[in-house]
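J.:
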Amino acid sequence: MAHYQRMGAVPPKRHTQHRDPQGALYYEELMGEEGFSSDSSLLYHRNIPSTVTAAAIWEVTDQTLTPNHPLRPLHLKLHDLFAPDASGIDAVTGRRLILGNSDVRISYVVADAPSPFYRNGIGDECVYIERGSARVETVFGAFDVGRGDYVMIPRATTHRWLPKPASEDPDGESLRAYAIEANSHIAPPKRYLSRYGQLLEHAPYCERDLRVPDGPLLAEDIGADPSEVTEVYIKHRGPGQGGIAGSIHTHPFHVLDVVGWDGCLFPYVFNVRDYEPITGRVHQPPPAHQVFEGWNFVICNFVPRKVDYHPLSIPVPYYHSNVDSDEVMFYVDGDYEARKGSGIGMGSISLHPGGHAHGPQPGAMERSIGVEYFDELAVMVDTFKPLELGEGGLACDDGRYLLSWSTTTD
1 MAHYQRMGAV
11 PPKRHTQHRD
21 PQGALYYEEL
31 MGEEGFSSDS
41 SLLYHRNIPS
51 TVTAAAIWEV
61 TDQTLTPNHP
71 LRPLHLKLHD
81 LFAPDASGID
91 AVTGRRLILG
101 NSDVRISYVV
111 ADAPSPFYRN
121 GIGDECVYIE
131 RGSARVETVF
141 GAFDVGRGDY
151 VMIPRATTHR
161 WLPKPASEDP
171 DGESLRAYAI
181 EANSHIAPPK
191 RYLSRYGQLL
201 EHAPYCERDL
211 RVPDGPLLAE
221 DIGADPSEVT
231 EVYIKHRGPG
241 QGGIAGSIHT
251 HPFHVLDVVG
261 WDGCLFPYVF
271 NVRDYEPITG
281 RVHQPPPAHQ
291 VFEGWNFVIC
301 NFVPRKVDYH
311 PLSIPVPYYH
321 SNVDSDEVMF
331 YVDGDYEARK
341 GSGIGMGSIS
351 LHPGGHAHGP
361 QPGAMERSIG
371 VEYFDELAVM
381 VDTFKPLELG
391 EGGLACDDGR
401 YLLSWSTTTD
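Heads up: the sequence shown at position 296 corresponds to 296 in full-length UniProt numbering, and the numbers run straight through without jumps.
#1: From E29 to A245, what distance separates their C-alpha atoms?
#2: Would you decide whether D335 is buried or exposed? Buried here means 16 or more other CB atoms lie within 10 Å of its CB.
#3: Since I believe R237 is in contact with F143 (beta carbons under 8 Å), could you give me their beta-carbon distance rounded to a whole number of angstroms?
#4: Can at least three beta-carbon pairs, one atom from the segment 379-389 and one from the segment 92-112, be found at a separation below 8 Å?
#5: For H289, which of helix, strand or coil comes out of DSSP?
#6: Is it a yes or a no for the segment 171-180 touching the segment 22-42, going by three-plus beta-carbon pairs under 8 Å?
#7: One question on the structure: do F374 and W261 come within less than 8 Å of each other, judged by their Cβ atoms?
#8: I need the straight-line Cα distance from P154 to G354, nearest angstrom please.
#9: Does DSSP classify D80 as helix, strand or coil?
#10: Helix, strand or coil: how does DSSP classify Q5 here?
#11: What residue from E181, L351, T157 has the CA that sits closest to R95's CA?
#12: Can you check the segment 142-217 for any beta strand (DSSP E) of at least 3 residues that lies completely inside it and give the ranges in chain order?
#13: Indicate the three-state DSSP secondary structure (helix, strand or coil) for V328 in the structure shown.
#14: What do you get for F36, buried or exposed, if any count of 16 or more other CB atoms within 10 angstroms of its CB means buried?
#15: Would you decide whether Q22 is buried or exposed? Buried here means 16 or more other CB atoms lie within 10 Å of its CB.
#16: Which residue marks the beginning of the alpha helix (DSSP H) containing G392, and which one marks its end?
#17: If you check the beta carbons only, do I122 and N68 fall under 8 Å apart?
#18: Give the range of the alpha helix (DSSP H) segment to which M365 is assigned.
#19: In the DSSP assignment, the beta strand (DSSP E) including C126 goes from what residue to what residue?
#20: What distance in whole Å lies between the Cβ atoms of P73 and Y401, which are believed to be in contact at a cut-off of 8 Å?
#21: Tell me whether E220 sits in a helix, a strand or coil according to DSSP, three-state version.
#22: Quick one: any contact between the segment 363-379 and the segment 55-63, if contact means 3 or more CB pairs under 8 Å?
#23: From the DSSP output, in three-state form, read off G334 for me.
#24: Report the three-state DSSP secondary structure of R339 (helix, strand or coil).
#25: Report the rounded CA-to-CA distance for V136 versus E366, giving the unit in angstroms.
#26: Who are W58's beta bridge partners in DSSP?
#27: Are the beta-carbon atoms belonging to F297 and T157 less than 8 Å from one another?
#28: Quick one: Cα of Y233 to Cα of I248, how far?
#29: Taking only three categories from DSSP, how would you classify D274?
#30: With a 10 Å radius around its C-beta and 16 neighbouring C-beta atoms as the bar for buried, classify S404 as buried or exposed.
#31: Using the Cα positions of H352 and Y318, report the straight-line distance between them to the nearest angstrom.
#32: Would you tell me roughly how many angstroms separate the C-alpha atoms of G399 and T66, rounded to the nearest one?
#33: How would you write the range of the beta strand (DSSP E) that S348 sits in, first residue to last?
#34: Return the residue from the list L256, K164, T64 that minimises the CA-CA distance to L217.
#35: Indicate whether the contact test is met: 3 or more Cβ pairs, each with one atom in the segment 198-212 and one in the segment 114-134, closer than 8 Å.
#36: Our contact map puts H356 next to L71 with C-beta atoms below 8 Å; I'd like the distance itself, whole angstroms only.
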């Protein structure tokens with residue numbers, strides 16, 4: 001999305017001399033997509049960004065995937081994955097893999113400890129903040145993020161997560177983060193963009209709704225010594241489980257050394273409360289709720305909204321077969337009408353795999369007639385390759401969702 005930003009000290013002309021007050025050159029880094037053929041930004045470093053003094057192996061948490069076989073719809077209870085008194089967990093190394101395929105991986109974490117500096121070298125990350133709040137420091141600048149925020153982090157952006165104590169959070173909660181990690185880039189749907197990249201009038205959000213980082217952010221701004229040695233954890237393709245490996249690079253300086261940057265590639269934050277739902281006289285299909293897309297997957301959000309106003313409408317979804325996709329719904333807040341009686345509640349995930357017809361629970365259609373407003377909040381990921389279960393998904397499967405259309409659960 002071509003949304004130009006300029007922050008800090010940059011020279012009048014790109015790829016020309018840019019010097020500090022003492023006359024030393026800053027080091028220009030082009031961070032760009034698709035081999036110099038798509039969005040990019042230029043960052044100006046105090047130090048040579050390629051300088052590494054050591055490399056070590058980072059044992060990334062279990063990335064093993066297990067096929068969903070025999071084919072079953074699943075109910076995964078994410079809030080069971082972390083003990084209420086768990087501590088010392090960070091938002092990067094503490095993630096537990098829930099679902100994944102060769103295009104996207106979905107993880108979950110409850111974190112209260114600072115993460116290391118981190119860079120995903122495989123693809124963009126879209127991290128949804130279910131609860132809690134944090135400071136996210138990046139080489140582009142910093143964000144304060146909280147409940148309902150989508151934090152969009154481009155591939156290879158060095159950053160770290162600093163959760164705020166529950167005592168400082170408006171809801172008194174620890175950070176709960178739902179991480180969607182792509183093997184590609186993640187962007188607004190193409191149908192919402194002009195051919196030059198501007199969000200169009202029919203889009204459910206616009207550039208005014210996007211928060212860009214406060215920056216630039218330098219080491220001394222956070223009370224660090226600019227010469228402090230820094231380790232950066234890198235997730236990359238390699239010999240690990242699922243073809244995913246981790247490395248740790250040591251830099252002989254603090255990585256927050258960017259004095260300025262400009263361009264169209266940078267992290268940003270979008271809060272789900274700023275999404276304007278698209279509604280109609282009859283039930284709208286899931287693409288009406290789309291917010292982002294990556295290669296072979298889409299991200300949608302179902303927000304509080306007025307529902308269908310045809311006099312004979314049935315507000316809950318019709319039964320549908322996901323012929324080409326698997327559907328993952330993360331239930332964040334509210335009262336999800338279509339799932340009443342299934343056992344699903346806040347913190348649940350439902351997986352409805354391709355090849356299985358699904359829809360509202362028994363009785364939900366009749367109960368929804370005449371309802372004018374749905375007070376619900378959910379994040380949905382649809383993938384166009386089958387999803388398999390990570391160790392976290394296996395650990396929190398309720399084991400009985402398959403039967404929920406024929407029986408009523410608590």
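Virtual Cβ for every residue (Gly too), placed ideally from N, Cα, C. Predicted model only: the values in this text are computed from it and were never measured.
T.: Reading from the atomic positions:
#1: 25 Å
#2: exposed
#3: Not quite, the Cβ-Cβ distance comes to about 28 Å (not below 8 Å), so this is no contact.
#4: yes
#5: helix
#6: no
#7: no
#8: Rounded to whole angstroms, the gap between the alpha carbons of P154 and G354 is 29 Å.
#9: helix
#10: strand
#11: Comparing C-alpha distances from R95 to each of E181, L351, T157 shows the shortest one belongs to E181.
#12: Entirely contained in the segment 142-217, the beta strand (DSSP E) runs reaching 3 residues are, in chain order, 149-153, 159-163, 175-182.
#13: Reduced to three states, the DSSP call for V328 is strand.
#14: exposed
#15: exposed
#16: First-last of the alpha helix (DSSP H) with G392: 391-395.
#17: no
#18: 364-368
#19: 125-131
#20: 6 Å
#21: helix
#22: no
#23: Correct three-state label for G334: strand.
#24: The three-state reading of DSSP puts R339 in helix, counting H, G and I together.
#25: 45 Å
#26: According to DSSP, W58 bridges with nothing at all.
#27: Against a cut-off of 8 Å, the Cβ pair of T157 and F297 comes out as no contact.
#28: 5 Å
#29: D274 falls in the helix class under three-state DSSP.
#30: S404 sits buried, since 16 or more C-beta atoms from the chains shown fall within 10 Å of its C-beta.
#31: 14 Å
#32: 15 Å
#33: 348-352
#34: Here the closest residue by C-alpha is L256.
#35: Taking 8 Å as the limit for Cβ pairs, the verdict is that the segment 114-134 does not touch the segment 198-212.
#36: Their Cβ separation, rounded to whole angstroms, is 6 Å, which keeps H356 and L71 in contact under 8 Å.
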